[in-house]
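According to this note's numbering, the sequence shown holds residues 598 to 958 in order. From the three backbone atoms N, C-alpha and C, an ideal C-beta is built for every residue, glycine too. Heads up, the thing below is written out as structure tokens.
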Amino acid sequence: MSDPQDEEHRLAILKRAVENTNEAFVTIDSHHRVIFFNKAAERIFGYHREEVLGHDLDVIMSPTCSSNHRKAVEQYIATGVPKRIGHATEIMAVRKNGESFPANISFSVSHLEQEMFFTGIVRDLTETRDLRELVRKSERLASLGQLVAEITHEIKNPLMIIGGFARQLSRDLEEDGGKQKKLGVIVDEIARLEQLLNELRNLYLPRRLEFKEIDVVHLLRGIGDLVSAECERRRIRLVLEVPDEPLLLQGDKDKLKEVVLNLIRNSIEAMEKGGTLRLGTRVLEHELEILVEDQGCGIPVSEQAKIFSPFHTTKPRGTGLGLSICKRIMEEHPGGSLTFESEPGKGTTFKLTMAISGAKN
598 MSDPQDEEHR LAILKRAVEN TNEAFVTIDS HHRVIFFNKA AERIFGYHRE EVLGHDLDVI
658 MSPTCSSNHR KAVEQYIATG VPKRIGHATE IMAVRKNGES FPANISFSVS HLEQEMFFTG
718 IVRDLTETRD LRELVRKSER LASLGQLVAE ITHEIKNPLM IIGGFARQLS RDLEEDGGKQ
778 KKLGVIVDEI ARLEQLLNEL RNLYLPRRLE FKEIDVVHLL RGIGDLVSAE CERRRIRLVL
838 EVPDEPLLLQ GDKDKLKEVV LNLIRNSIEA MEKGGTLRLG TRVLEHELEI LVEDQGCGIP
898 VSEQAKIFSP FHTTKPRGTG LGLSICKRIM EEHPGGSLTF ESEPGKGTTF KLTMAISGAK
958 N
């Protein structure tokens with residue numbers, strides 16, 4: 598015969614083990630009321646146990662799943678047939694804040710003093726689902742990238758030949774306004790298609806970024822020199838707001854230059870009546886921001902949520918790929934992001950944020 602004290606000691610150890618495990622344990626009685634709710638369950642569902650104990654299990658399950666589970670418990674009590682008991686089942690669970698999430702729950706039954714108790718081990722499947730979706734998305738992108746590579750290769754070669762002949766004809770053709778104009782349209786459209794193919798390759802077959810320490814101040818001053826003539830021609834006052842000392846960070850110099858130039862070109866196109874274009878920096882505690890601020894037409898509120906989507910454009914001749922490429926480049930940098938604020942009729946500010954490796958204020 599076992600010693601009652603030893604039995605109590607073993608039960609205390611078991612209770613503590615269940616209480617402190619990383620798996621969520623939830624026990625209900627035959628009336629579907631919660632009688633045990635461990636710490637892991639508190640963490641997953643967001644409830645303190647006092648808020649759940651004594652309540653129906655439906656507080657942590659979607660209505661459909663709760664109804665199905667209740668029927669399975671009632672059937673087991675009536676017939677002993679384990680329709681759901683003893684099997685792992687995927688359900689939609691509900692956190693205290695109302696958020697639904699996928700979960701795996703496996704219930705077992707215990708008999709004690711003529712009563713039945715059902716204990717479920719609950720696992721949050723959110724991360725697992727997200728990882729599966731990420732893998733599927735990566736596989737789709739890899740297939741799409743291969744398709745883009747093959748299509749752009751097949752199109753680009755004949756396009757280059759057509760473009761070459763069109764440019765040669767345009768140079769050799771005697772003065773004929775009508776024919777010259779038509780050839781000019783052909784040359785321009787071929788150039789646009791070539792740009793589209795290049796942007797498609799950049800979007801779906803990006804080269805690996807090469808991170809080196811770069812001086813953002815030096816980079817922005819060089820970009821300012823590149824666009825100053827165009828700004829002057831468009832009656833745009835370019836204001837460069839950078840410190841005298843270097844601002845250092847780890848990044849791909851060529852790709853960062855590509856992003857800033859793309860944003861500046863967008864700003865120039867948005868400022869048909871001229872104005873001020875500011876290119877500057879702001880140093881935070883652990884981050885560096887590059888700001889491109891214009892006084893252009895702004896982005897319509899209805900378009901703002903879609904501007905980073907591939908192929909979305911408000912320009913008559915735009916490809917709609919530039920900003921999506923810029924966003925991807927920034928997100929591949931340490932701590933990188935690309936955000937914006939825009940007020941229709943007043944202008945737009947794009948903000949490039951990156952982790953800073955060293956700066957002198």
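| Whose C-alpha, out of Gln-711, Ser-825, His-629, is nearest the C-alpha of Ile-1015? | The question about residue 1015 has no answer here: the residues shown for the chain are numbered 598 through 958.
| request: Would you decide whether Met-598 is buried or exposed? Buried here means 16 or more other CB atoms lie within 10 Å of its CB. | output: For Met-598, the predicted model reports a pLDDT of 49, less than 50, meaning its position is unreliable; a value from the coordinates is still stated below. It counts as exposed.
| message | Only counting the same chain, and skipping five residues up and downstream in sequence, which positions put a Cβ closer than 7 Å to that of Gln-901? | response | Ser-939
| task | Can you have a look at Ile-820 and say buried or exposed, based on whether 16 or more other CB atoms are within 10 angstroms of its CB? | result | buried
| query | When the Cα atoms are used, what is the spatial distance from Asp-655 to Glu-730? | reply | 28 Å
| With a Cβ-Cβ cutoff of 8 Å, do Asn-635 and Glu-616 count as a contact? | yes
| What did DSSP end up calling Pro-587 once you bin it into helix, strand or coil? | Not covered by the structure: residue 587. The range shown for the chain is 598 to 958.
| message | Can you tell me whether Thr-661 is helix, strand or coil according to DSSP? | response | helix
| query | Comparing alpha-carbon positions, which option in Val-732, Asn-665, Ser-703, Lys-778 lies nearest Thr-686? | reply | Ser-703
| field | Helix, strand or coil at Asn-795 according to DSSP, with G and I counted as helix | value | helix
| If we ignore side chains and look at the alpha-carbon of each, how far apart do Asp-851 and Cys-923 end up? | 12 Å
| Do the region 851-867 and the region 789-796 meet, that is, are 3 or more Cβ pairs less than 8 Å apart? | no
| message | Considering Cα atoms alone, identify which of Leu-885, Asp-769, Glu-791 is closest to Ile-748. | response | Glu-791
| field | Proximity winner among Ala-700, Lys-943, Ile-865, relative to Thr-725 (alpha-carbon distances) | value | Ala-700
| request: Measure the alpha-carbon distance for Pro-660 versus Thr-936 and round it to whole angstroms. | output: 39 Å
| said: Let's test the definition: count the other Cβ atoms within 10 Å of the Cβ of Gly-893 and tell me whether it reaches 16, buried, or not, exposed. | reply: buried
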